[in-house]
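Reviewing the structure listed below.
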C-alpha cells in the first residue's frame, strides 16, 4: 500500500529513505526553502484548518510575512542579514539594531 506524504505530490512509503518532494537542496547542501521564523520576534507559522462550504476540513498554515533584510552595524563596521517579520522591523526601529542584535546573540543565535 502506498501512503501519500503531507504534500500529496509524491508517493512516499514509510520504508523508503528518499522523499522526492522534500529534496530541495542547493549546492553544497544549502537548503533552497526559507524558514518562516522571525529572528527578532520569534514569530512562527500558525497552524489550523481551512473549512469549505461543505465543512470539509484540510490542514493549512499561515506564514508570517518574513523577509531577508540587510542591516548595517556601525559598531562592527559590517552588514548583517536577518530574517525579520514586519513586527520585527518595527522593533528594530523602536529599539535600534545594536540592542536587537545583542538580544539575538544573548539567545545563542549566530548573527
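Numbering (the UniProt record's numbering), first residue to last: 1 to 111. Built from N, CA and C at the ideal position, the CB exists for glycine as well. A quick note: this is a predicted structure, and the numbers were derived from the prediction, not measured.
Span of the beta strand (DSSP E), counted from its first residue to its last, around residue i
i          : result
residue 51 : 46 to 51
Run of the alpha helix (DSSP H) containing residue i, from where it starts to where it stops
i          : result
residue 54 : No alpha helix (DSSP H) holds residue 54; DSSP gives it neither H nor E.
Simplified DSSP state of residue i, which is helix, strand or coil
i           : result
residue 86  : helix
residue 103 : helix
residue 40  : coil
residue 111 : coil
residue 91  : helix
Nonlocal neighbours in the same chain, by C-beta distance under 6 Å from residue i, ignoring five residues either side
i          : result
residue 50 : 58 and 60
residue 92 : 100
residue 47 : 61
residue 70 : 79 and 81
residue 72 : 79
residue 30 : Note that residue 30 scores 47 on pLDDT, short of 50, meaning its location in the model is unreliable; the coordinates nonetheless yield the value given after this. Contacts found: none.
Assumed close pair residue i, residue j - CB separation to whole angstroms, cut-off 8 Å
i           : j          : result
residue 81  : residue 68 : 6 Å
residue 109 : residue 39 : 7 Å
Contacts around residue i, its chain only, beta-carbon distance under 7 Å, and the 5 residues preceding and following it disregarded
i          : result
residue 74 : none
residue 63 : 36 and 45
residue 94 : none
Other residues of its chain near residue i: CB distance less than 8 Å, five sequence neighbours each side excluded
i           : result
residue 164 : Coverage of the chain is limited to positions 1 through 111, which leaves residue 164 absent and any answer about it impossible.
Contact between the segment 68 to 85 and the segment 40 to 49: three or more CB pairs below 8 Å? yes
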